[in-house]
Amino acid sequence: MRPLVIRVIAVAVVMAGLCFTCLVQVNETEYAIVARFGDPRRVIERAGLYWKWPAPMDTVIRIDRRIHILDPDAAEYLTSDKKNVLVNGFVVWSVGDPIRYLVSATDQAGAEARLTDMMRSELGTTLGAHALSVLVSTEPQERTLNDMMQEITQNLARRARGNFGIEVAAVRIKRLNFPAQNKEAVFRRMEAERRRIARLYRSEGEEEAEKIRAQADREQAVLINEAERQAEILRGEADAEASRIYAEAFSQDPEFYEFLRSLQAYEHIIRDTSTVVLPSDSELLDVLKHPRSAVPSEKSLTLKGSRD
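The sequence shown stops at residue 308 when you use the UniProt record's numbering, and every number in between is there.
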């Protein structure tokens, strides 16, 4: 009985081993390619447990299906205006066709080597067709760097999908720089350009300032003329009113008015140290020569006081 039990256990172990080799467990992060005698036959894309023939008849090749980021070293390119630029770009990619990927690229290292060559080729072609100013332009009417990256992404995605079964999601530039030997010359040109723009802005500002000053001077002249006109009108009205008041006052008591005007004239002419020579018939001497006749009557003064 013991040898029979041993043989049954051995057969069971062998069958269990065969069953284990016939099962394939696939994870969510991978593709599983079932190859029969090294020839790829089918691709398992969904996670789960699957059946295959035992090795060496069927073997399983696993390929990572997650998104990868390829970040190669910076490379130097030449723009259409003969400017050298140092570009550091990256590619976002994943496996789209597992069998084509396995046959053409073999593994991730081979795929990234081929993607690097294709990316640099596309960058060189596209950058060589545009001037350096396009890469750093902020003008909305000009083609932007993002537009160029979209074009490069489309071209690279088409080539990678057809040749290697790789899906390219995006190609972007991480850093744009100048070679060390060209930086100083580029900085000098940039400085000269900024100075030219600054001079242009200053000239436009001075021109605008002259326009504002001229407009302000015109408005000032108009305001001053209008104010002087109004002042002349007011002065004329005041002089007319004063003349009317003087005339009215003179007409009420001419004798008293003449007496006051004589006294005012004496205040301006006669000083402590002044000597005045007048002819004998001067009207200014009437008050001095005939004080009684020159002084207004008491009635006139009374009437004048009551009017005041």
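Glycine is no exception: its CB is placed at the ideal position from the N, C-alpha and C atoms.
On a predicted model such as this, the values are computed, not experimentally measured, just so you know.
So residue i and residue j are in contact, right, with Cβ under 8 Å, and what is the actual spacing, rounded?
i: Arg-120; j: Ala-75; result: 5 Å
i: Ala-160; j: Met-190; result: With 8 Å as the limit, Ala-160 and Met-190 do not qualify as a contact, their Cβ atoms being about 37 Å apart.
i: Thr-116; j: Asp-64; result: No, Thr-116 and Asp-64 are not in contact; Cβ-Cβ is about 18 Å, not under 8 Å.
i: Gly-128; j: Ser-80; result: 6 Å
i: Trp-93; j: Ala-169; result: 7 Å
i: Tyr-257; j: Ala-249; result: 6 Å
i: Leu-156; j: Glu-122; result: 5 Å
Going by DSSP, what residue range makes up the beta strand (DSSP E) through residue i?
i: His-68; result: 68-70
i: Val-60; result: 58-64
For residue i, write down the residues that DSSP places opposite it in a beta bridge.
i: Leu-263; result: According to DSSP, Leu-263 bridges with nothing at all.
i: Asp-39; result: Arg-36
i: Asp-107; result: Paired residue(s): none; Asp-107 is not in a bridge.
i: Val-277; result: None; Val-277 has no bridge partner.
i: Arg-175; result: Asn-88
i: Gly-48; result: Val-26
i: Glu-167; result: Ser-94
i: Ala-75; result: Val-87
If I measure Cβ to Cβ from residue i and keep anything under 6 Å in the same chain, skipping five residues before and after, which residues do I get?
i: Arg-175; result: Asn-88
i: Gly-165; result: Gly-96, Asp-97, Arg-100 and Tyr-101
i: Arg-307; result: Since pLDDT at Arg-307 reaches only 44, below the 50 mark, its modelled position is unreliable, and the value read off the structure follows with that caveat. The answer is none, since no qualifying residue turns up.
What residue range is occupied by the uninterrupted alpha helix (DSSP H) comprising residue i?
i: Ser-80; result: Note, Ser-80: premise wrong, no alpha helix (DSSP H); not H, not E.
i: Glu-28; result: Looking at the DSSP string, Glu-28 is not in any alpha helix (DSSP H), and its letter there is neither H nor E.
i: Ile-152; result: 145-164
i: Val-95; result: Counting along the chain, Val-95 falls outside any alpha helix (DSSP H), though it belongs to the beta strand (DSSP E) covering 84-95.
Pull up the distance between the alpha-carbon of residue i and that of residue j, whole angstroms please.
i: Met-148; j: Arg-36; result: 45 Å
i: Glu-167; j: Val-91; result: 10 Å
i: Ile-33; j: Val-24; result: 10 Å
i: Thr-144; j: Thr-126; result: 12 Å
i: Ala-227; j: Glu-206; result: 31 Å
i: Asn-225; j: Arg-244; result: 28 Å
i: Val-103; j: Trp-53; result: 22 Å
i: Gly-124; j: Ile-44; result: 38 Å
i: Glu-193; j: Ile-212; result: 29 Å
i: Gln-181; j: Arg-172; result: 25 Å
Looking only at its own chain, which residues have a Cβ that is under 7 Å from the Cβ of residue i, when we skip the five neighbours before and after it?
i: Gly-48; result: Val-26
i: Leu-86; result: Ala-74, Glu-76, Asn-177, Phe-178 and Pro-179
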